[in-house]
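J.: Read top to bottom, the protein sequences are chains C and R. Position one of the first sequence corresponds to residue 34 (the working numbering), numbered consecutively onward. Position one of the second sequence corresponds to residue 798 (the working numbering), numbered consecutively onward.
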Amino acid sequence: MTTGTHQRRKERIDRGIKVRTEGIYALMSWRELVYLIMPRFVIIVGLLVAPLMIPDMYWQRVISIVCIYALLALSFDFLAHQVGLVSLGGAFFVGVGGYLSAVLNSVFGFAALLSIAVATLIGGIVCTLLLLPCLPLRGVYFAIVTLMYPLFMARAIEALDILGGTDGIMGIDSLPSAWMEQYFIIGMLLLFLFGMRRLVNTDLGLVLRAVKDNDQAVRASGMNITSYKALAVFIASAIGCFAGASLVHIYMWAGISTFALDFSVLPIAATVIGGSGTLVGPVIGCLILVPVSELLRDFGTLRIVFYSLILLAFVVFRSEGLMVYGQRKYHQIERWKKI
Amino acid sequence: MLEATGLMVFYENMLALNNVSIRCGENQIVGVFGANSAGKSTLMYALSGIMLDIRKKEEMAGGERITLTGSIRYRDQEIMASKSSRRARLGIVLCPERRRIFKECSVLENLKIGGYLATAAQAQETLEYVFKVFPALTKLKSRLGGFLSGGEQQMLAIGRALMAQPKILLLDEPLLGLSPLMQAMLMHATREIRDERKISIIITEQYARPVIPIINYAFILENGSAVLEGTREELMNNPDVRSAYFGI
């Protein structure tokens, strides 16, 4: 045989520390505990410390916007990669949540925090009910319907001159203090992020993943997939509505631009960059994309060109996403091995 | 005609093909037998070059790393690095497992797509030949691929592969889920194709009994290694092979 003792292949194996920390033995040494906690720690502390490190008001606002987009990206990633419903409706969730909260606050006089909470809940229910008709369908229908709703709502508000028409609803209360506003949204992002990570590992998450893989088999197991999908849509749209409601209270204004397609598209781009299906990835994608898009403002209209180039480069050269790549490097070592 | 030596395929750290060497001579039918996970499909993917595509896709998606080494020689030409499209042009055509019919195209359209590489005259001639070998397809010309029965789909898949003007045809589990009668009919047709079109054929199967009458030579795969090879008579006389693959 001519085959190669001289040939080599690159082998990937789990780090010993990963294998050990997967059991209860993690409690046995500080090193293993640190290995387990470190990645989570970096994200949590990084997000909490960021507003303190950046005294500039403008960039503090950017951090809030990053969190808003991160919530949307989280909801997109959950729907698309855990349930298999590709939703282009980020803008719809933001708009519904935003307008609901604006109306509750300015018309009914709810306090800011209360109106955000109520708007999240009612917004989730409203979005779920409106999306219910296309849930039994498979394929591209869900994406089309979710894309249509924000366009429809924006034009309806403009044409019928309801909800403030083109001027929008002004004079909405902000959250009690600037620091509260900053940390409220960061805290909620962390809560939703780790909450969702828990959720996808529960039995419910398992069923949802099964619906994504093979909905007929799930149906054959005696489960009603439409109700499971509706539940997933409720969770995702509630997160989106929460993001919208918070946004409205940050800007103290709700207008047609809350239905802008930016809220649908940017989270998808962030998910591609961050690594789809990881839930943390989209958040990291937003942490990169939103500030980059702010930095590029100096270039004026060329901004979109650079922005598109960055996205293109990611899709072509690292389409697995940062998080998938990072996880692999963190948990596995590579070495050459003779065949 | 086609000779693979020292083929090794790793899916990440799992060894799927371990130093497998097989060869197929001019105008021969070669059988490759093995149980599930023996490496039959991996071997077919490696021979047809699909493995290179799979490797690229996995790499892009951050999935398994596939390592592929060894040598495949086809008519004194090393083709290990050639893409599957190039190999198809050279005449190595795969008829994939589970048929992979174009479900939303009619039977005729399926066949025409298969004839993409052929000249108009070749395509016309082969089309007529396919309907001659598989007369059952004649009545179904305008039926959608997705509405065919398993046996009809398999005939269509083989027909489609023939349209690409193969010199060597790789049939990956052509008898999967078919009735014994249909199996016998297909194997008969396969031999006819070999005799009339002068095409070499490699067939993989789990159960050797329906295939054994038509083959010249066979290899037996177990857990990724080629453990045994021989002519039909040699395998028939081997008691282990008889009980494991012929059910006698």
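All residues carry an ideal CB built from backbone N, CA and C; glycine is no exception. If you're wondering where the values come from, they're calculated on a predicted model, not measured in any experiment.
#1: Quick check: R/Q951 and R/P971, are their CB atoms within less than 8 Å of each other?
#2: Below 6 Å CB to CB, which residues in the same chain sit around C/T36 once its five sequence neighbours on both sides are set aside?
#3: By alpha-carbon positions, which one of R/Q1003, R/Y842, R/L812 and R/G912 ends up nearest to R/N833?
#4: Spell out whether any CB of chain C is found under 8 Å from the CB atom of R/T866.
#5: With DSSP as the reference, label R/E993 as helix, strand or coil.
#6: With a threshold of 8 Å, are at least 3 pairs of Cβ atoms found where one atom belongs to the stretch 137-145 of chain C and the other to the stretch 325-344 of chain C?
#7: Counting only C-beta atoms, is C/Y363 closer than 8 Å to chain R at any point?
#8: If you run the structure through DSSP and keep just helix, strand and coil, what is R/S1050?
#9: Run through chain C and tell me which residues come within less than 8 Å of R/N810, C-beta to C-beta.
#10: Based on DSSP bridge pairs, tell me the residues matched to R/A1005.
#11: Could you check if C/M34 is buried or exposed, using at least 16 other CB atoms within 10 Å of its CB as the buried criterion?
#12: Listing by chain order, which chain R residues have their CB less than 7 Å from the CB of C/V357?
#13: Under 8 Å by Cβ, that's how I've got C/G354 and C/G314 pegged, so tell me the actual separation to the nearest angstrom.
#14: Apart from the five residues on each side of it in sequence, which residues of its chain come closer than 7 Å, Cβ to Cβ, to R/E814?
#15: Identify, in the order they occur along the chain, each residue of the same chain with its Cβ nearer than 8 Å to the Cβ of R/A961, setting aside the five sequence neighbours on each side.
#16: From which residue to which residue does the alpha helix (DSSP H) around C/M61 run?
#17: Just the C-alpha distance for R/Y808 and C/M90, rounded to the nearest angstrom, thanks.
#18: Can you tell me whether C/T161 is buried or exposed, with buried defined as 16 or more other CB within 10 angstroms of its CB?
#19: Between the stretch 357-370 of chain C and the stretch 970-989 of chain R, are three or more C-beta pairs nearer than 8 Å?
#20: What does C/R368 pair with, by DSSP beta-bridge criteria?
#21: The beta strand (DSSP E) spanning R/M811 covers which residue range?
#22: In angstroms with no decimal places, state the Cα-to-Cα distance between C/L226 and C/A103.
#23: Is the shortest distance between the beta-carbon of R/F1016 and the beta-carbons of chain C less than 8 Å?
#24: Taking 8 Å as the CB-CB cut-off, is R/R895 touching chain C?
#25: Mind pulling the chain C residues with CB within less than 9 Å of R/F899?
#26: Can you tell which of R/K929, R/L812 and R/S845 has the C-alpha that lies nearest to the C-alpha of R/E993?
#27: Hey, is R/R862's beta-carbon within less than 8 Å of any beta-carbon in chain C?
T.: The short version:
#1: Translated into positions along the second sequence, residue 951 of chain R becomes position 154. Translated into positions along the second sequence, residue 971 of chain R becomes position 174. Yes; because the gap between Cβ atoms is below 8 Å, this pair is in contact.
#2: Position 3 of the first sequence, counting from 1, holds the residue named residue 36 of chain C. Caution applies to C/T36, whose pLDDT of 46 falls short of 50 and renders its modelled position unreliable; the model cannot decide the point.
#3: Within the second sequence, residue 833 of chain R is the residue found at index 36, counting from 1. That would be R/Q1003, whose Cα lies nearest to the Cα of R/N833.
#4: Reading the second sequence from its first residue, position 69 is the one you call residue 866 of chain R. Yes - at least one Cβ of chain C is within 8 Å of the one on R/T866.
#5: The sequence position of residue 993 of chain R within the second sequence is 196, counting from 1. Reduced to three states, the DSSP call for R/E993 is helix.
#6: The stretch 137-145 of chain C is not in contact with the stretch 325-344 of chain C.
#7: One-based indexing of the first sequence puts residue 363 of chain C at position 330. Taking Cβ atoms only, chain R never reaches closer than 8 Å to C/Y363, which makes this a no.
#8: Nothing can be reported for residue 1050 of chain R: it is not among the residues displayed for chain R, which extend from 798 to 1045.
#9: For the purposes of this step, residue 810 of chain R is taken as the residue at position 13 of the second sequence. The CB of R/N810 comes closer than 8 Å to the CB of E44, R45 and I46 in chain C, given here in chain order.
#10: As a position in the second sequence, residue 1005 of chain R is number 208, starting the count at 1. When beta bridges are read from the DSSP output, R/A1005 appears opposite no residue.
#11: Taking the first residue of the first sequence as position 1, residue 34 of chain C is located at position 1. With a pLDDT of 40 at C/M34, under the threshold of 50, the modelled position of that residue is not reliable, and no figure is offered here.
#12: Numbered from 1 along the first sequence, position 324 holds the residue referred to as residue 357 of chain C. Within chain R, the residues near C/V357 are G859.
#13: Counting from one through the first sequence, the residue named residue 354 of chain C turns up at place 321. Counting from one through the first sequence, the residue named residue 314 of chain C turns up at place 281. Contact holds; Cβ gap of about 5 Å.
#14: Taking the first residue of the second sequence as position 1, residue 814 of chain R is located at position 17. Position check: residue 814 of chain R holds Leu in this sequence, whereas Glu was assumed. Hits under 7 Å: L804, M805, V806, G836, T839, L840, A843 and G1021.
#15: As a working note, residue 961 of chain R is residue 164 in the second sequence. A885, V890, G911, G912, Y913, L914 and A915, listed in sequence order.
#16: By one-based count along the first sequence, residue 61 of chain C stands at place 28. First-last for C/M61: undefined, no H or E at that position.
#17: In the second sequence, residue 808 of chain R corresponds to position 11, counting from 1. In the first sequence, residue 90 of chain C corresponds to position 57, counting from 1. Straight-line Cα distance between these residues: approximately 52 Å.
#18: Locating residue 161 of chain C in the first sequence gives position 128, counting from the first residue. The residue in question, C/T161, is buried, as its Cβ has 16 or more Cβ neighbours within 10 Å.
#19: Counting Cβ pairs under 8 Å, fewer than three are found: no touch.
#20: Stepping through the first sequence from its first residue, residue 368 of chain C is reached at position 335. Answer is C/E44, bridged to C/R368.
#21: If you number the second sequence from 1, residue 811 of chain R lands on position 14. Judged by DSSP secondary structure, R/M811 falls within the beta strand (DSSP E) whose first and last residues are M811 to C821.
#22: Residue numbering aside, residue 226 of chain C sits at position 193 when the first sequence is read from its first letter. Residue numbering aside, residue 103 of chain C sits at position 70 when the first sequence is read from its first letter. Distance from the CA atom of C/L226 to the CA atom of C/A103, rounded to whole angstroms, is 9 Å.
#23: Locating residue 1016 of chain R in the second sequence gives position 219, where the first residue counts as 1. No, because no Cβ of chain C sits closer than 8 Å to the Cβ of R/F1016.
#24: In the second sequence, residue 895 of chain R corresponds to position 98, counting from 1. No, no contact with chain C.
#25: In the second sequence, the residue the question calls residue 899 of chain R occupies position 102. The contacting residues do not exist; R/F899 stays about 18 Å from chain C at best.
#26: Sequence index remark: in the second sequence, residue 993 of chain R carries index 196 (1-based). Distance check between R/E993 and each of R/K929, R/L812 and R/S845 places R/K929 closest, using alpha-carbon atoms only.
#27: If you number the second sequence from 1, residue 862 of chain R lands on position 65. Interface residue, yes.
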